[in-house]
Each structure stands twice: as C-alpha cells, then as structure tokens.
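Numbering (the working numbering), first residue to last: 3 to 169.
Encoded structure:
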C-alpha cells in the first residue's frame, strides 16, 4: 500500500492501521533528529510511502475509503489489481529484518550483480536454513546475507561467519 502523507506527519498510515488491529509491516531505519536543541535517535520508515498489510480487500476497503492519503499499489498494465507479495516470502523477509539490529535496505536498482556473487546457506542461528547471496561490500569485515522481495525491496542482515555454508 501507499501512504501519501508527508514524511513528518504525526499520524502516518502504518500507525493508524496498527491502531485498527491490522497486521502491518513497514521497513524501519534509525535516524538522528534534532528536537529542541538535542539530538535524539528515532526509528523512522525507510520508505515513507511503503506499507505491507496482511489482510483481505474486503476488510481493508472501508478503511482505505475513509483515509484519502492511503492507497493500494496497483500492478502495471492491469485494471485495478493490487500488488501482492506471497505470504511465505513476506514472513521470510520480516523474520530476517527482526533478526538483525542493523538491517540495510536496498531498492532493486541499487543492487549490482557484482555485489552478490556467492550463493550461501545459513546453518544454525536465528536464520537457520535461509538461502541467499553473500553481500560483499568493499572494505567491510562484516558478512551479510541478502534477502529479497523481488521487484520491491531487499535487505542485508548481519550473519555470523560460523553459520555460513557455501553452496
């Protein structure tokens, strides 16, 4: 879904949907802000207008009609067919994000083929049996697993080297 409110709004759509007991996920990042002369660390959405809501259209439609700044994301070249992500892919993505203290998000156009050369499997730990690509970042000593939602978003999460098995 899309949230068309401004980034600094006090009531973004994901908070409104959570209040109404919808299962909502929005990728979050930490950001430093200055309030009243003091710097504070605040968690804000990575992409303000990107929301993932797990529910049926019959339950969401009345709520979307009430809020003019909340919209569905539509597939291209179709007539009013909303974008959907398979539930298993979404659960895998959410679990990967929650397992890391410092996830890094990437848009599809930001990931270059030379960034992910080796295919790996995680054996043990919170990401047991995850398969993906080892993200290589120049100068970094940290190993990261790239988990993708095709055509939407990718996240790299820190992985302990002892859990990595090359495929």
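Glycine included, every Cβ here is placed at the ideal spot set by N, Cα and C.
Taking DSSP as the reference, what is the three-state secondary structure of residue 145? Position 143 of the chain shown, counting from 1, holds the residue named residue 145. In the structure shown, residue 145 sits in coil (DSSP, three-state: anything other than H, G, I, E or B).
Taking the C-alpha atoms as reference points, what is the distance between residue 71 and residue 164? To locate residue 71, count along the chain shown from 1; it is residue 69. To locate residue 164, count along the chain shown from 1; it is residue 162. Residue 71 and residue 164: Cα-Cα distance of roughly 46 Å.
Please determine, among 135, 79 and 50, the residue with the shortest C-alpha to C-alpha distance to residue 28. Residue numbering aside, residue 28 sits at position 26 when the chain shown is read from its first letter. Ranking 135, 79 and 50 by Cα distance to residue 28 puts 50 first.
So the beta strand (DSSP E) residue 36 belongs to, where does it begin and stop? Here residue 36 is taken as the residue at index 34 of the chain shown, counted from 1. Element bounds for residue 36: 30 to 37.
Please say whether residue 3 and residue 74 have beta carbons closer to each other than 8 Å? Here the question's residue 74 lines up with position 72 in the chain shown. Here the question's residue 3 lines up with position 1 in the chain shown. Yes, Cβ-Cβ distance for residue 74 and residue 3 is below 8 Å.
Going by the CB atoms, is the gap between residue 148 and residue 95 shorter than 8 Å? For this step, residue 95 is matched to residue 93 along the chain shown. For this step, residue 148 is matched to residue 146 along the chain shown. Going by C-beta atoms, residue 95 is not nearer than 8 Å to residue 148.
Residue 45 versus residue 34: straight-line alpha-carbon distance, rounded: For the purposes of this step, residue 45 is identified with residue 43 of the chain shown, where counting begins at 1. For the purposes of this step, residue 34 is identified with residue 32 of the chain shown, where counting begins at 1. So the two alpha carbons sit approximately 9 Å from each other.
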